[in-house]
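The opening residue of the sequence shown carries number 1 in the UniProt record's numbering; numbering runs sequentially from there. Backbone N, C-alpha and C define an ideal beta-carbon position, used for all residues, glycine too. Okay, so here's the structure we're looking at.
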Amino acid sequence: MKAIIMTATGGPDVLQLQELPKPTIRQPGEVLVQLKGAGINPVDTKLRTRGTFYPDRSPTILGCDGAGVVDAVGREVKNFQKGDEVYFCFGGIGGPEGNYGEYAVVDHRFIAKKPRTLSFAEASAAPLVLITAWEALHDRARIQPEDTVLIHGGAGGVGHVAIQLAKQTGARVCVTVSCEEKEELACSLGADHIINYRQTDFVEAIMEWTSGKGVDVVFDTVGGEIFEKSCGAVAMYGDLVTLLQPSANINWNTARARNLRFSLELMLTPMHRGLISALEHQADILHCCAELFDSERLRLHFQQTFPLAEAAAAHRLLERGGMMGKLALEMG
(Lines of atoms letter the chains of each structure in order from A; the text may use other names.)
(Lines give C-alpha, C1' and ligand atoms only; values in the text may rest on other atoms or scores of the structure.)
Protein backbone atom coordinates (compact mmCIF):
# COMPACT_ATOMS: atom_id res chain seq x y z
CA MET A 1 0.00 0.00 0.00
CA LYS A 2 1.01 3.63 -0.39
CA ALA A 3 1.64 5.48 2.86
CA ILE A 4 3.27 8.63 4.16
CA ILE A 5 6.06 7.76 6.57
CA MET A 6 8.57 9.65 8.68
CA THR A 7 11.82 8.21 9.98
CA ALA A 8 13.07 11.37 11.73
CA THR A 9 11.62 14.51 13.27
CA GLY A 10 11.73 17.81 11.44
CA GLY A 11 9.86 19.98 9.00
CA PRO A 12 7.12 18.88 6.62
CA ASP A 13 9.67 17.46 4.18
CA VAL A 14 10.34 14.50 6.52
CA LEU A 15 6.96 13.17 5.34
CA GLN A 16 7.68 10.85 2.44
CA LEU A 17 5.40 8.75 0.24
CA GLN A 18 6.50 5.09 0.18
CA GLU A 19 5.17 1.66 -0.71
CA LEU A 20 4.63 -0.57 2.33
CA PRO A 21 3.15 -4.05 2.83
CA LYS A 22 -0.62 -4.01 3.28
CA PRO A 23 -1.43 -4.57 6.98
CA THR A 24 -3.24 -7.75 7.95
CA ILE A 25 -5.66 -8.74 10.67
CA ARG A 26 -3.80 -10.50 13.49
CA GLN A 27 -6.43 -10.56 16.27
CA PRO A 28 -9.98 -11.95 16.01
CA GLY A 29 -11.54 -8.63 17.03
CA GLU A 30 -9.76 -6.50 14.44
CA VAL A 31 -11.09 -4.84 11.30
CA LEU A 32 -9.12 -4.02 8.15
CA VAL A 33 -10.23 -0.65 6.76
CA GLN A 34 -9.50 0.57 3.26
CA LEU A 35 -8.97 4.22 4.06
CA LYS A 36 -10.57 6.89 1.90
CA GLY A 37 -9.54 9.86 4.01
CA ALA A 38 -7.30 10.84 6.93
CA GLY A 39 -7.80 13.94 9.03
CA ILE A 40 -4.97 16.43 9.59
CA ASN A 41 -4.72 17.74 13.16
CA PRO A 42 -2.31 20.02 15.05
CA VAL A 43 -1.12 17.02 17.06
CA ASP A 44 0.24 15.55 13.80
CA THR A 45 2.51 18.53 13.27
CA LYS A 46 3.65 18.45 16.91
CA LEU A 47 4.53 14.75 16.71
CA ARG A 48 6.36 15.40 13.45
CA THR A 49 8.52 18.16 14.96
CA ARG A 50 8.95 16.99 18.57
CA GLY A 51 8.80 13.22 18.28
CA THR A 52 6.10 10.60 18.79
CA PHE A 53 4.83 8.80 21.89
CA TYR A 54 6.94 5.81 20.81
CA PRO A 55 10.29 7.19 19.55
CA ASP A 56 11.82 3.70 19.40
CA ARG A 57 9.27 2.55 16.81
CA SER A 58 10.17 3.48 13.26
CA PRO A 59 9.04 4.23 10.65
CA THR A 60 6.05 6.24 11.81
CA ILE A 61 2.76 6.75 10.01
CA LEU A 62 0.99 9.79 11.40
CA GLY A 63 -2.73 10.50 11.41
CA CYS A 64 -5.08 9.73 14.31
CA ASP A 65 -8.28 10.23 12.32
CA GLY A 66 -9.49 7.96 9.54
CA ALA A 67 -12.55 7.06 7.48
CA GLY A 68 -13.06 4.34 4.92
CA VAL A 69 -14.67 1.06 3.98
CA VAL A 70 -14.34 -2.20 5.90
CA ASP A 71 -12.28 -4.58 3.76
CA ALA A 72 -12.17 -7.58 6.10
CA VAL A 73 -13.12 -8.52 9.67
CA GLY A 74 -11.73 -10.88 12.27
CA ARG A 75 -13.72 -13.96 13.22
CA GLU A 76 -15.08 -12.43 16.45
CA VAL A 77 -16.38 -9.22 14.84
CA LYS A 78 -20.18 -9.26 14.66
CA ASN A 79 -21.17 -5.59 14.41
CA PHE A 80 -19.25 -4.74 11.22
CA GLN A 81 -18.99 -6.45 7.87
CA LYS A 82 -17.14 -6.00 4.60
CA GLY A 83 -18.41 -2.89 2.81
CA ASP A 84 -19.46 -0.93 5.90
CA GLU A 85 -18.45 2.74 5.89
CA VAL A 86 -16.73 3.68 9.16
CA TYR A 87 -14.82 6.46 10.88
CA PHE A 88 -12.58 6.44 13.95
CA CYS A 89 -9.75 8.04 15.90
CA PHE A 90 -7.04 5.50 16.55
CA GLY A 91 -3.32 5.21 15.74
CA GLY A 92 -0.98 7.88 14.48
CA ILE A 93 0.92 8.58 17.71
CA GLY A 94 3.97 6.46 16.91
CA GLY A 95 4.98 3.43 14.89
CA PRO A 96 3.34 2.17 11.69
CA GLU A 97 -0.27 2.14 13.01
CA GLY A 98 -1.44 5.45 11.55
CA ASN A 99 -3.89 6.65 8.94
CA TYR A 100 -1.76 8.51 6.38
CA GLY A 101 -2.00 5.45 4.18
CA GLU A 102 -4.32 3.30 2.12
CA TYR A 103 -5.16 0.71 4.81
CA ALA A 104 -5.34 0.47 8.59
CA VAL A 105 -6.16 -2.28 11.08
CA VAL A 106 -8.31 -1.19 14.04
CA ASP A 107 -10.02 -3.00 16.89
CA HIS A 108 -13.75 -3.13 16.10
CA ARG A 109 -14.57 -1.69 19.53
CA PHE A 110 -12.94 1.61 18.63
CA ILE A 111 -14.75 2.45 15.37
CA ALA A 112 -18.23 3.70 14.46
CA LYS A 113 -20.41 3.79 11.37
CA LYS A 114 -19.66 6.86 9.26
CA PRO A 115 -22.30 9.62 9.14
CA ARG A 116 -24.24 9.08 5.90
CA THR A 117 -24.37 12.81 5.21
CA LEU A 118 -20.60 13.33 5.31
CA SER A 119 -18.12 12.51 2.57
CA PHE A 120 -15.21 10.27 3.50
CA ALA A 121 -12.89 13.29 3.60
CA GLU A 122 -15.24 15.19 5.89
CA ALA A 123 -15.79 12.19 8.14
CA SER A 124 -12.06 11.57 8.40
CA ALA A 125 -11.51 15.12 9.66
CA ALA A 126 -14.10 14.87 12.43
CA PRO A 127 -13.31 12.23 15.11
CA LEU A 128 -10.54 13.87 17.15
CA VAL A 129 -12.31 17.22 17.45
CA LEU A 130 -15.68 15.59 18.17
CA ILE A 131 -14.26 13.45 20.96
CA THR A 132 -12.23 16.31 22.42
CA ALA A 133 -15.15 18.71 22.55
CA TRP A 134 -17.57 16.07 23.86
CA GLU A 135 -15.24 14.86 26.62
CA ALA A 136 -14.37 18.42 27.67
CA LEU A 137 -17.99 19.57 27.92
CA HIS A 138 -19.81 16.43 29.05
CA ASP A 139 -17.23 14.29 30.84
CA ARG A 140 -15.07 17.02 32.41
CA ALA A 141 -17.32 20.06 32.91
CA ARG A 142 -20.55 18.05 33.19
CA ILE A 143 -22.39 20.75 31.29
CA GLN A 144 -26.09 21.21 32.12
CA PRO A 145 -29.05 22.87 30.38
CA GLU A 146 -29.12 26.64 30.99
CA ASP A 147 -25.39 26.73 31.82
CA THR A 148 -23.44 29.68 30.48
CA VAL A 149 -20.32 28.57 28.60
CA LEU A 150 -17.33 30.49 27.26
CA ILE A 151 -15.43 28.74 24.46
CA HIS A 152 -12.07 30.20 23.53
CA GLY A 153 -11.14 29.83 19.87
CA GLY A 154 -14.74 29.37 18.79
CA ALA A 155 -13.89 29.19 15.08
CA GLY A 156 -11.19 26.54 15.52
CA GLY A 157 -11.46 22.83 14.82
CA VAL A 158 -12.46 21.89 18.38
CA GLY A 159 -14.14 25.20 19.18
CA HIS A 160 -16.62 25.22 16.31
CA VAL A 161 -17.79 21.71 17.26
CA ALA A 162 -17.96 22.65 20.95
CA ILE A 163 -20.34 25.52 20.17
CA GLN A 164 -22.80 23.11 18.60
CA LEU A 165 -22.52 20.42 21.28
CA ALA A 166 -23.04 23.00 24.02
CA LYS A 167 -26.11 24.37 22.24
CA GLN A 168 -27.46 20.83 21.85
CA THR A 169 -27.34 20.58 25.64
CA GLY A 170 -29.35 23.76 26.05
CA ALA A 171 -26.50 25.99 27.22
CA ARG A 172 -26.00 29.64 26.41
CA VAL A 173 -22.71 29.99 24.57
CA CYS A 174 -20.21 32.83 24.28
CA VAL A 175 -17.06 32.51 22.17
CA THR A 176 -13.85 34.43 21.60
CA VAL A 177 -12.62 34.97 18.04
CA SER A 178 -10.03 37.14 16.31
CA CYS A 179 -11.73 38.56 13.21
CA GLU A 180 -15.02 39.33 11.53
CA GLU A 181 -14.95 36.21 9.34
CA LYS A 182 -14.66 34.02 12.43
CA GLU A 183 -17.44 36.00 14.11
CA GLU A 184 -19.70 35.13 11.19
CA LEU A 185 -18.86 31.43 11.45
CA ALA A 186 -19.48 31.34 15.20
CA CYS A 187 -22.79 33.13 14.76
CA SER A 188 -23.89 30.69 12.06
CA LEU A 189 -23.18 27.79 14.43
CA GLY A 190 -25.46 29.20 17.12
CA ALA A 191 -23.20 31.20 19.44
CA ASP A 192 -25.28 33.55 21.59
CA HIS A 193 -22.54 36.11 22.23
CA ILE A 194 -19.27 36.73 20.40
CA ILE A 195 -16.20 38.57 21.68
CA ASN A 196 -13.42 39.78 19.40
CA TYR A 197 -10.59 39.39 21.89
CA ARG A 198 -8.35 41.74 19.89
CA GLN A 199 -10.79 44.57 20.43
CA THR A 200 -12.38 43.77 23.79
CA ASP A 201 -11.22 42.48 27.18
CA PHE A 202 -13.01 39.15 27.33
CA VAL A 203 -13.27 39.05 31.14
CA GLU A 204 -15.00 42.44 31.21
CA ALA A 205 -17.28 41.35 28.36
CA ILE A 206 -18.20 38.12 30.16
CA MET A 207 -19.02 39.97 33.36
CA GLU A 208 -21.28 42.31 31.45
CA TRP A 209 -22.94 39.39 29.61
CA THR A 210 -23.59 37.48 32.86
CA SER A 211 -24.52 40.52 35.01
CA GLY A 212 -21.37 40.15 37.08
CA LYS A 213 -21.70 36.44 37.84
CA GLY A 214 -19.26 34.88 35.38
CA VAL A 215 -19.87 31.81 33.25
CA ASP A 216 -20.50 28.34 34.62
CA VAL A 217 -17.95 26.77 32.28
CA VAL A 218 -14.88 28.00 30.41
CA PHE A 219 -13.50 25.72 27.72
CA ASP A 220 -9.94 26.83 26.93
CA THR A 221 -8.59 25.60 23.59
CA VAL A 222 -5.83 28.25 23.47
CA GLY A 223 -3.76 28.01 26.66
CA GLY A 224 -0.97 30.31 27.80
CA GLU A 225 -2.03 33.53 29.49
CA ILE A 226 -5.63 32.93 28.37
CA PHE A 227 -5.89 30.12 30.93
CA GLU A 228 -4.91 32.26 33.91
CA LYS A 229 -6.96 35.22 32.77
CA SER A 230 -10.00 32.99 32.29
CA CYS A 231 -10.13 32.29 36.04
CA GLY A 232 -11.61 35.74 36.47
CA ALA A 233 -14.40 34.97 34.01
CA VAL A 234 -15.70 31.81 35.77
CA ALA A 235 -18.58 31.95 38.24
CA MET A 236 -18.11 30.85 41.84
CA TYR A 237 -17.73 27.05 42.00
CA GLY A 238 -17.54 26.94 38.19
CA ASP A 239 -15.47 24.78 35.84
CA LEU A 240 -12.46 25.56 33.69
CA VAL A 241 -11.42 22.86 31.22
CA THR A 242 -8.25 23.27 29.19
CA LEU A 243 -6.59 21.35 26.38
CA LEU A 244 -3.15 22.74 27.21
CA GLN A 245 -0.82 22.23 30.16
CA PRO A 246 -1.00 25.26 32.49
CA SER A 247 2.19 27.21 33.07
CA ALA A 248 4.23 26.49 36.20
CA ASN A 249 4.15 30.15 37.30
CA ILE A 250 0.38 30.72 37.31
CA ASN A 251 -1.05 32.84 40.12
CA TRP A 252 -3.89 30.72 41.50
CA ASN A 253 -5.30 33.34 43.91
CA THR A 254 -8.36 34.22 41.81
CA ALA A 255 -9.14 30.57 41.13
CA ARG A 256 -8.85 29.66 44.82
CA ALA A 257 -11.00 32.56 45.93
CA ARG A 258 -13.70 31.49 43.46
CA ASN A 259 -13.49 27.78 44.40
CA LEU A 260 -13.01 26.77 40.79
CA ARG A 261 -12.80 23.21 39.55
CA PHE A 262 -10.15 22.47 36.92
CA SER A 263 -9.97 19.68 34.36
CA LEU A 264 -7.39 18.73 31.77
CA GLU A 265 -8.54 17.15 28.51
CA LEU A 266 -6.24 14.99 26.38
CA MET A 267 -8.30 12.63 24.28
CA LEU A 268 -5.22 10.66 23.23
CA THR A 269 -4.70 9.27 26.75
CA PRO A 270 -6.91 6.18 26.30
CA MET A 271 -5.04 5.22 23.13
CA HIS A 272 -1.63 5.84 24.69
CA ARG A 273 -2.47 4.00 27.92
CA GLY A 274 -4.54 1.20 26.39
CA LEU A 275 -7.69 2.10 28.34
CA ILE A 276 -10.21 -0.14 26.59
CA SER A 277 -13.40 1.13 28.26
CA ALA A 278 -12.40 4.73 27.54
CA LEU A 279 -11.72 3.88 23.88
CA GLU A 280 -15.12 2.21 23.67
CA HIS A 281 -16.65 5.37 25.15
CA GLN A 282 -14.95 7.41 22.43
CA ALA A 283 -16.49 5.15 19.77
CA ASP A 284 -19.88 5.72 21.44
CA ILE A 285 -19.29 9.47 21.15
CA LEU A 286 -18.69 9.06 17.42
CA HIS A 287 -21.89 7.04 17.12
CA CYS A 288 -23.88 9.80 18.86
CA CYS A 289 -22.27 12.47 16.69
CA ALA A 290 -23.05 10.52 13.52
CA GLU A 291 -26.74 10.71 14.47
CA LEU A 292 -26.39 14.46 15.04
CA PHE A 293 -24.76 14.93 11.63
CA ASP A 294 -27.39 12.87 9.86
CA SER A 295 -30.23 14.76 11.55
CA GLU A 296 -28.62 18.09 10.59
CA ARG A 297 -28.07 19.10 14.21
CA LEU A 298 -24.28 19.16 13.80
CA ARG A 299 -22.05 20.27 10.96
CA LEU A 300 -18.34 20.26 10.26
CA HIS A 301 -16.65 23.34 8.89
CA PHE A 302 -14.42 21.75 6.26
CA GLN A 303 -11.87 23.69 4.24
CA GLN A 304 -9.74 21.58 1.93
CA THR A 305 -8.49 18.16 0.88
CA PHE A 306 -5.02 17.15 -0.32
CA PRO A 307 -3.95 14.01 -2.18
CA LEU A 308 -2.11 11.57 0.08
CA ALA A 309 1.18 12.40 -1.64
CA GLU A 310 0.82 16.07 -0.62
CA ALA A 311 0.72 15.52 3.15
CA ALA A 312 3.67 17.88 3.58
CA ALA A 313 1.76 20.69 1.87
CA ALA A 314 -1.19 20.10 4.22
CA HIS A 315 1.13 20.38 7.22
CA ARG A 316 2.57 23.64 5.90
CA LEU A 317 -0.90 25.12 5.53
CA LEU A 318 -1.92 24.08 9.02
CA GLU A 319 1.27 25.44 10.58
CA ARG A 320 0.77 28.79 8.88
CA GLY A 321 -1.95 29.46 11.46
CA GLY A 322 -5.17 31.44 11.36
CA MET A 323 -6.97 28.76 9.37
CA MET A 324 -10.70 28.15 9.53
CA GLY A 325 -12.04 24.69 8.87
CA LYS A 326 -10.61 21.21 8.86
CA LEU A 327 -8.17 19.55 6.45
CA ALA A 328 -7.95 15.98 5.22
CA LEU A 329 -5.94 13.72 2.96
CA GLU A 330 -7.69 11.70 0.25
CA MET A 331 -6.44 8.31 -0.90
CA GLY A 332 -6.78 8.09 -4.67
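**Message:** If I measure Cβ to Cβ from residue 53 and keep anything under 6 Å in the same chain, skipping five residues before and after, which residues do I get?
**Reply:** Counting from 1 along the sequence shown, the entry for residue 53 is found at position 53. Same-chain partners within the cutoff: 93, 94, 272.
**Item:** Assumed close pair residue 33, residue 106 - CB separation to whole angstroms, cut-off 8 Å
**Value:** Along the sequence shown, read from residue 1 onward, the residue named residue 33 stands at position 33. Along the sequence shown, read from residue 1 onward, the residue named residue 106 stands at position 106. The Cβ separation is near 6 Å, so the contact holds.
**Prompt:** Do residue 126 and residue 305 have their C-beta atoms within less than 8 Å of each other?
**Reply:** Against the sequence shown, residue 126 aligns to sequence position 126. Against the sequence shown, residue 305 aligns to sequence position 305. With a cutoff of 8 Å on beta-carbon distance, residue 126 and residue 305 are scored as not near each other.
**Message:** Closer than 8 Å is the cut-off here; do at least three beta carbon pairs connect the segment 35-49 with the segment 61-70?
**Reply:** yes
**Prompt:** What separation, rounded to the nearest whole angstrom, lies between the Cα atoms of residue 72 and residue 141?
**Reply:** Locating residue 72 in the sequence shown gives position 72, counting from the first residue. Locating residue 141 in the sequence shown gives position 141, counting from the first residue. Approximately 39 Å between the Cα atoms of the pair.
**Asked** Applying the criterion that 16 or more other CB atoms from any shown protein chain within 10 Å of the CB defines a buried residue, is residue 348 buried or exposed?
**Response** Limits of the chain in this structure are 1 at one end and 332 at the other, which puts residue 348 out of reach.
**Asked** What residue does the beta strand (DSSP E) around residue 334 start on, and which one ends it?
**Response** Residue 334 cannot be examined here, being either before or after the span of the chain that is shown, 1 to 332.
**Span separating the alpha-carbon of residue 302 from that of residue 241** = Your numbering for residue 302 matches position 302 in the sequence shown. Your numbering for residue 241 matches position 241 in the sequence shown. Each residue's Cα considered, the two are about 25 Å apart.
**Asked** Excluding five sequence neighbours on each side, which residues of the same chain lie with their C-beta closer than 6 Å to the C-beta of residue 132?
**Response** Translated into the one-based positions of the sequence shown, residue 132 becomes position 132. Taking residue 132 as the centre and dropping the five residues before and after it, the same chain places the C-beta of 158, 267 closer than 6 Å to its C-beta, in chain order.
**Message:** So the candidates are 249, 109, 318; which of them puts its Cα closest to the Cα of residue 283?
**Reply:** By 1-based counting over the sequence shown, the position of residue 283 is 283. Of the listed residues, the one whose Cα sits closest to residue 283 is 109.
**Prompt:** Just checking my contact of residue 233 with residue 218 at CB under 8 Å: how many whole Å lie between their CB atoms?
**Reply:** Mapped onto the sequence shown, residue 233 falls at position 233. Mapped onto the sequence shown, residue 218 falls at position 218. Between residue 218 and residue 233 the Cβ distance is about 6 Å, and since that is below 8 Å, they are a contact.
**Item:** Member of 100, 281, 76, 2 whose CA lies at the smallest distance from the CA of residue 27
**Value:** Stepping through the sequence shown from its first residue, residue 27 is reached at position 27. Among 100, 281, 76, 2, the Cα nearest to that of residue 27 is on 76.
**Asked** For residue 163, does the three-state DSSP call read helix, strand or coil?
**Response** Here residue 163 refers to the residue found at position 163 of the sequence shown. Three-state result, residue 163: helix.
**Message:** For residue 195 and residue 174, which I take to be in contact (beta-carbon distance under 8 Å), what is that distance rounded to the nearest angstrom?
**Reply:** As a working mapping, residue 195 is identified with position 195 in the sequence shown. As a working mapping, residue 174 is identified with position 174 in the sequence shown. Right, the Cβ-Cβ distance comes to about 7 Å (below 8 Å), so this counts as a contact.
**Prompt:** Would residue 130 pass as a contact of residue 327 if the rule is Cβ separation under 8 Å?
**Reply:** As a position in the sequence shown, residue 130 is number 130, starting the count at 1. As a position in the sequence shown, residue 327 is number 327, starting the count at 1. In this structure, residue 130 sits away from residue 327, with a CB-CB distance that is not shorter than 8 Å.
**Prompt:** Which one of 30, 98, 116 has the shortest CA to CA distance from residue 74?
**Reply:** Mapped onto the sequence shown, residue 74 falls at position 74. Taking only the C-alpha atoms, the option nearest residue 74 is 30.
**Asked** In terms of residue numbering, what span does the beta strand (DSSP E) encompassing residue 291 cover?
**Response** Indexing the sequence shown from 1 puts residue 291 at position 291. Unbroken run through residue 291 is the alpha helix (DSSP H), 276-294; no beta strand (DSSP E).
**Asked** Can you name, in chain order, every residue of its own chain whose Cβ lies under 6 Å from the Cβ of residue 308, other than the five neighbours on each side?
**Response** Start at 1 with the first residue of the sequence shown, and residue 308 comes out as number 308. Result list for residue 308: 329, 331, in chain order.
**Request:** Mark residue 135 as exposed unless 16 or more other C-beta atoms lie within 10 angstroms of its C-beta, in which case mark it buried.
**Result:** To locate residue 135, count along the sequence shown from 1; it is residue 135. Counting Cβ neighbours within 10 Å, residue 135 comes out buried, since at least 16 surround it.
**Item:** Sequence-distant residues of the same chain with beta carbon closer than 8 Å to residue 263, five excluded per side
**Value:** Residue numbering aside, residue 263 sits at position 263 when the sequence shown is read from its first letter. Result list for residue 263: 136, 140, 141, 239, 240, 241, 242, in chain order.
**Request:** Starting from residue 317, trace the alpha helix (DSSP H) both ways and give me its first and last residue.
**Result:** Within the sequence shown, numbered from 1, the residue matching residue 317 stands at position 317. 311-320 is the extent of the alpha helix (DSSP H) around residue 317.
**Prompt:** Short check: CB of residue 231 to CB of residue 248, under 8 Å?
**Reply:** As a first step, residue 231 is located in the sequence shown; it is residue number 231 there, counting from the start. As a first step, residue 248 is located in the sequence shown; it is residue number 248 there, counting from the start. Not closer than 8 Å, so no.
**Message:** Please classify residue 221 as buried or exposed, where buried requires at least 16 other C-beta atoms within 10 Å of its C-beta.
**Reply:** What you label residue 221 is simply residue 221 of the sequence shown in a count that begins at 1. Buried is the call here.
**Asked** residue 330 by DSSP, collapsed to three states: which one?
**Response** Residue mapping note: residue 330 aligns to position 330 of the sequence shown, counting from 1. Residue 330: strand per DSSP, three-state reduction.
**Asked** Which residue spans inside the segment 165-203 form an unbroken beta strand (DSSP E) run of at least 3?
**Response** 172-177, 193-196
**Request:** Have a look at residue 146 and residue 224 and give me their C-alpha separation to the nearest angstrom.
**Result:** Reading the sequence shown from its first residue, position 146 is the one you call residue 146. Reading the sequence shown from its first residue, position 224 is the one you call residue 224. Distance between the alpha carbons of residue 146 and residue 224 is about 29 Å.
**Message:** Rounded to the nearest angstrom, what separates residue 199 and residue 259 at their Cα positions?
**Reply:** Walking along the sequence shown from the start, residue 199 turns up at place 199. Walking along the sequence shown from the start, residue 259 turns up at place 259. Cα to Cα, the separation comes out at about 29 Å.
**Item:** Three-state secondary structure (DSSP) of residue 55
**Value:** Here residue 55 refers to the residue found at position 55 when the sequence shown is read from its first residue. It is coil, neither helix nor strand.
**Prompt:** How would you call residue 236, buried or exposed, if buried means at least 16 neighbouring beta carbons within 10 angstroms?
**Reply:** As a first step, residue 236 is located in the sequence shown; it is residue number 236 there, counting from the start. Burial call: exposed.
**Request:** Please list the segments of the beta strand (DSSP E) lying wholly inside the segment 134-164, counting only runs of 3 or more residues, in order along the chain.
**Result:** 148-152
**Prompt:** Is it the case that the Cβ atoms of residue 340 and residue 37 are separated by a distance below 8 Å?
**Reply:** Because the chain is modelled from 1 through 332, residue 340 falls outside the range shown and cannot be assessed.
**Asked** Expressed to the nearest angstrom, what Euclidean distance is found between the alpha-carbon atoms of residue 111 and residue 257?
**Response** The sequence position of residue 111 within the sequence shown is 111, counting from 1. The sequence position of residue 257 within the sequence shown is 257, counting from 1. Cα to Cα, residue 111 sits roughly 43 Å from residue 257.
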